[in-house]
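Q: Counting from 155, one number per residue, gives the positions in the sequence shown under the working numbering.
C-beta atoms are modelled at their ideal positions from N, C-alpha and C, and glycine is treated no differently.
On a predicted model such as this, the values are computed, not experimentally measured, just so you know.
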Amino acid sequence: AQRPGRQSLIAWIGASIDDSQQDRFLSEELHRLLSNARFTEERAECQQNLADWLQGVAGVLTQDGNRRQMTGSYAEGWANSLVQVNGRTAADSDNDWTVLVAGQEFHLEGGCKGKYGSCRDDATRLQVTKGHALVAVGA
């Protein structure tokens, strides 16, 4: 159960149990907070439907053959929900877009270690700041 440079099996199992209990506690705490904020399955579904509709409108407006996809919290239906439940977009909310360009391959800086042989040395590496990959204009 013990190898040099490795955790003992018993310690690993104990940590897994602790993680499991912590995950359960955090899940229950999140449920309590969302319930207290009056989040409901119906409101979440409505928010998601609105986000899906907005994605469709954006596709019509951009007319780019669905290359541009709304991503992030807004597309997932959360952007209007975390701060307020009145359907209005928070002032500090951002709407993220991903543009898919055929033939381009990007890797997140520090995120690709070549573990699976998918990383090429000449791949463009992007810095990530506050959850956003920074792409140079015209890249």
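Under the rule that 16 or more other beta-carbon atoms within 10 Å means buried, what is Gln201, buried or exposed?
A: The residue given as residue 201 occupies position 47 in the sequence shown. With 16 or more Cβ atoms within 10 Å of its Cβ, Gln201 is classed as buried.
Q: What residues in its chain sit with their C-beta under 6 Å from that of Arg222, if we drop five residues either side in the sequence?
A: The sequence position of residue 222 within the sequence shown is 68, counting from 1. Only Thr216, Trp251 and Val253 meet the Cβ criterion.
Q: Answer with buried or exposed for Arg157, where buried requires no fewer than 16 other C-beta atoms within 10 angstroms of its C-beta.
A: Here residue 157 corresponds to residue number 3 of the sequence shown, with the count starting at 1. Note that Arg157 has pLDDT 48, beneath the 50 cutoff, so the model's placement of it is unreliable and the number below is only indicative. Sixteen is the threshold: since fewer than 16 other Cβ atoms of the shown chains lie within 10 Å of the Cβ of Arg157, the residue is exposed.
Q: Among Asp218, Leu262, Glu196 and Leu204, which residue has its Cα nearest to the Cα of Ala256?
A: What you label residue 256 is simply residue 102 of the sequence shown in a count that begins at 1. Comparing Cα-Cα distances from Ala256 to each of Asp218, Leu262, Glu196 and Leu204, the minimum goes to Asp218.
Q: Verify whether the separation of the beta carbon atoms of Phe260 and Thr278 is less than 8 Å.
A: Walking along the sequence shown from the start, residue 260 turns up at place 106. Walking along the sequence shown from the start, residue 278 turns up at place 124. It is a contact, given that the beta carbons lie within the stated cut-off.
Q: Go ahead and pull the three-state DSSP assignment for Arg279.
A: Position 125 of the sequence shown, counting from 1, holds the residue named residue 279. Three-state DSSP puts Arg279 in a strand.
Q: Which residue's Cα is closest to the Cα of Ala212: Leu262, Met224 and His286?
A: Position 58 of the sequence shown, counting from 1, holds the residue named residue 212. Cα-wise, what sits closest to Ala212 is Met224.
Q: Roughly how far, in whole angstroms, is the beta-carbon of Val289 from the beta-carbon of Leu280, given that I think they are within contact range, below 8 Å?
A: Translated into positions along the sequence shown, residue 289 becomes position 135. Translated into positions along the sequence shown, residue 280 becomes position 126. Val289 to Leu280, Cβ: 6 Å. Contact.
Q: Report the three-state DSSP secondary structure of Thr216 (helix, strand or coil).
A: To locate residue 216, count along the sequence shown from 1; it is residue 62. Thr216: helix per DSSP, three-state reduction.
Q: Taking the beta strand (DSSP E) that Asp192 falls in, what are its first and last residues?
A: Position 38 of the sequence shown, counting from 1, holds the residue named residue 192. The sequence shown places Arg at residue 192, not Asp. Arg192 -> no beta strand (DSSP E), and no H or E assigned at all.
Q: Closer than 8 Å by C-beta to Gly265: which residues in its own chain qualify, once you throw out the five before and the five after it? Chain order, please.
A: For the purposes of this step, residue 265 is identified with residue 111 of the sequence shown, where counting begins at 1. Taken in chain order, the residues that qualify are Val282.
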